[in-house]
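Asker: Submitted below is the structure of interest, expressed as structure tokens.
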Amino acid sequence: MLKENEIKVGDTHTAVLVEDLKRTQIVQYAGASGDYNPLHTDEIFTTQVAGYPSVFAHGMLSMGLTGTMLTDYVGDGALKKYGVRFTNQVWPGDTLTGKATIIEIREEDGSKVIDLMIETTNQNDISVITGNATATIEA
Amino acid sequence: MAINKFLVEASHIMMFARSVGDANPIYHDEDYAKETDLGGIIAPPTFAQSSAQFDPDYFLRPKIGGEGWFGSGKEASGAKPSKDSGGSGGGAAMGLHAEQHFEYHIPVKAGDVLTATTKPGNSWEKESKRAGKLKFSESVTEYRNQDGELVITATGVGVQTERAVDS
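Residue numbers (the numbering used here), protein chains in the order written: chain A, 1 to 139; chain B, 1001 to 1167.
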């Protein structure tokens, strides 16, 4: 867990979430999450029927990868809120970088928390996720 | 949607954590996890999404017994294009995920048995250049543990697009 005297507003944490995303990892997420939508795993359906250039990642895979960066930063069991918008699709071959920025340090229900702004971008610096999180810190 | 029994199991947490690139031992190493303040293996922040595995009617899972599945087999789609999907074919008018929000009340641990109830939230429409008319709809799911305590509130926003999204 982060300590109040070791952080300040404006601090950032960044991490490469995935390099050259493989279709197999998307399949892996489909199996674990139970979301078998063929848009994510079935190239033939997705290109010939749905009209997309290829399969693409579940939004929740991007959110999960971004969540790994987030919990690596704030610690286990510290998250109080985590919310995102899916701003662009994530495709096989993408490399994603996640960034969390501390925007406020405050009190909530008698404990110290931080509010974080979150953005995940692809290799072309296009945002694929924007969001916010709140995490408990040590006073 | 209601899920009566979402068994939170350590092996499922391990598989889920692997799929989101998370090597943190709190998600797979019981001996390590026991020594932490949390006292055992916990679920990663987006794990609640895998409650779909425990929804008997979840529509994005092929069903045993051959109800048909819209993914490719011999043909590019196992289902005929629906009539309201416009000119771009069966799949383009399917829903995409627009937003997801979680509120964490109590850490979810391996061994928990959760229930989930979902209620519809707001709905709205918007025009977009990249995908035509967008129809948004919100749903709010409350996850409770075996003691009836609220552990997670999840709010999802889905969007139905008029056509495939331009990238």
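Idealized CB from N, CA, C, for every residue including glycine. Remember, predicted model here, so these are calculated numbers, not experimental data.
(1) Could you give the DSSP three-state label for A/D11: helix, strand or coil?
(2) Hey, does A/G10 have any beta-carbon neighbour from chain B nearer than 8 Å?
(3) According to DSSP, simplified to helix, strand and coil, what is B/P1025?
(4) DSSP three-state label for B/A1131, please.
(5) Does the CB of A/Q123 have a neighbour CB from chain B at under 8 Å?
(6) Write down every uninterrupted run of the beta strand (DSSP E) in the stretch 38 to 122 of chain A whose length is 3 residues or greater and which is fully enclosed by it, in chain order.
(7) In terms of alpha-carbon separation, which member of B/E1127, B/M1014 and B/T1153 lies closest to B/Q1100?
(8) Quick one: Cα of B/A1017 to Cα of B/H1105, how far?
(9) Does any C-beta atom of chain B lie closer than 8 Å to the C-beta of A/G98?
(10) Tell me the start and end of each unbroken alpha helix (DSSP H) in the stretch 1039 to 1125 of chain B that is at least 4 residues and wholly inside, in chain order.
(11) Is the beta carbon of A/N37 within less than 7 Å of some heavy atom of the ligand SAM?
(12) If you drop the 5 nearest sequence neighbours on each side, which residues of the same chain put their C-beta closer than 7 Å to that of B/R1144?
(13) Using 8 Å as the limit for Cβ to Cβ distance, is B/G1086 near chain A?
(14) Which residues does DSSP list as the beta-bridge partners of A/G131?
(15) Would you mind working out which of A/D11, A/H58, A/I102 and A/A50 sits nearest A/A135, comparing C-alpha positions?
(16) Give me the Cα-Cα distance between B/K1034 and B/Y1027, rounded to the nearest whole angstrom.
(17) Does any CB atom of chain B fall closer than 8 Å to the CB of A/R85?
(18) Does DSSP classify B/N1004 as helix, strand or coil?
(19) Straight-line CA distance for B/E1075 to A/F45?
(20) Which residues bound the beta strand (DSSP E) around B/Q1160?
(21) Can you list the residues of chain A that B/L1007 reaches, using a CB-CB cut of under 9 Å?
(22) For B/G1086, I'd like the list of residues in its chain whose CB is within less than 6 Å of its CB, leaving aside the five on either flank, ordered along the chain.
(23) Among A/K99, A/P92, A/R85 and A/V128, which has the Cα closest to the Cα of B/E1138?
(24) In chain A, what lies closer than 8 Å to B/I1003 by C-beta?
(25) Short of 7 Å Cβ to Cβ, which residues in the stretch 1045 to 1066 of chain B face chain A?
(26) Show which residues of chain A have a CB atom less than 7 Å away from the CB atom of B/V1165.
(27) Below 7 Å CB to CB, which residues in the same chain sit around A/E43 once its five sequence neighbours on both sides are set aside?
Answerer: With the structure as the only source:
(1) Here residue 11 of chain A refers to the residue found at position 11 when the first sequence is read from its first residue. Reduced to three states, the DSSP call for A/D11 is coil.
(2) Position 10 of the first sequence, counted from the first residue, corresponds to residue 10 of chain A. Not an interface residue.
(3) Position 25 of the second sequence, counting from 1, holds the residue named residue 1025 of chain B. Looking at B/P1025 - three-state DSSP - the assignment turns out to be helix.
(4) Taking the first residue of the second sequence as position 1, residue 1131 of chain B is located at position 131. Shown here, B/A1131 sits in coil according to DSSP, grouped into three states, outside any helix or strand.
(5) Taking the first sequence and counting its residues from 1, one reaches residue 123 of chain A at position 123. Not an interface residue.
(6) List check, beta strand (DSSP E) in window: 79 to 86, 96 to 108 and 111 to 121.
(7) In the second sequence, the residue the question calls residue 1100 of chain B occupies position 100. For B/Q1100, the nearest C-alpha among the options comes from B/T1153.
(8) In the second sequence, residue 1017 of chain B corresponds to position 17, counting from 1. In the second sequence, residue 1105 of chain B corresponds to position 105, counting from 1. Taking the straight line from one Cα to the other gives about 20 Å.
(9) Locating residue 98 of chain A in the first sequence gives position 98, counting from the first residue. Proximity of A/G98 to chain B, defined by a Cβ-Cβ separation below 8 Å, is not satisfied.
(10) Scanning the stretch 1039 to 1125 of chain B for uninterrupted alpha helix (DSSP H) segments of 4 residues or longer gives nothing; none is fully contained.
(11) Ligands in the displayed structure: none, and consequently the ligand SAM is not present.
(12) Locating residue 1144 of chain B in the second sequence gives position 144, counting from the first residue. Around B/R1144: L1114, T1115, L1150 and V1151.
(13) For the purposes of this step, residue 1086 of chain B is taken as the residue at position 86 of the second sequence. Residue confidence for B/G1086 is low, a pLDDT of 37 falling below 50, so the modelled location carries little weight and cannot support an answer.
(14) On the first sequence, position 131 is the one that residue 131 of chain A refers to. According to DSSP, which records beta bridges pairwise, A/G131 is partnered with A/V84 and A/I118.
(15) Position 135 of the first sequence, counted from the first residue, corresponds to residue 135 of chain A. Of A/D11, A/H58, A/I102 and A/A50, the residue nearest in Cα terms is A/I102.
(16) If you number the second sequence from 1, residue 1034 of chain B lands on position 34. If you number the second sequence from 1, residue 1027 of chain B lands on position 27. Each residue's Cα considered, the two are about 11 Å apart.
(17) If you number the first sequence from 1, residue 85 of chain A lands on position 85. It does: the Cβ of A/R85 has a partner Cβ on chain B nearer than 8 Å.
(18) The count along the second sequence starts at 1 and reaches residue 1004 of chain B at position 4. Strand at B/N1004.
(19) Counting from 1 along the second sequence, the entry for residue 1075 of chain B is found at position 75. Counting from 1 along the first sequence, the entry for residue 45 of chain A is found at position 45. Distance between B/E1075 and A/F45, taken at the CA atoms: about 9 Å.
(20) Within the second sequence, the letter at position 160 stands for residue 1160 of chain B. Per DSSP, B/Q1160 belongs to the beta strand (DSSP E) from L1150 to T1161.
(21) Here residue 1007 of chain B corresponds to residue number 7 of the second sequence, with the count starting at 1. In chain A, no part has a C-beta under 9 Å from the C-beta of B/L1007; the shortest such distance is about 13 Å.
(22) If you number the second sequence from 1, residue 1086 of chain B lands on position 86. In this prediction, B/G1086 has a pLDDT of 37, which is less than 50 and means its spatial position is unreliable; nothing more can be read from the coordinates.
(23) Residue numbering aside, residue 1138 of chain B sits at position 138 when the second sequence is read from its first letter. A/R85 is the residue among A/K99, A/P92, A/R85 and A/V128 whose C-alpha sits nearest the C-alpha of B/E1138.
(24) By one-based count along the second sequence, residue 1003 of chain B stands at place 3. Those do not exist, as B/I1003 stays about 11 Å from chain A at its closest Cβ, beyond 8 Å.
(25) Hits within the stretch, in order: P1045, T1046, Q1049, S1050, A1052, Q1053, Y1058, L1060, R1061 and P1062.
(26) For the purposes of this step, residue 1165 of chain B is identified with residue 165 of the second sequence, where counting begins at 1. Residues of chain A whose Cβ lies closer than 7 Å to the Cβ of B/V1165 are, in chain order, Q89.
(27) By one-based count along the first sequence, residue 43 of chain A stands at place 43. Cβ neighbours of A/E43 beyond the five flanking positions: S54 and V55.
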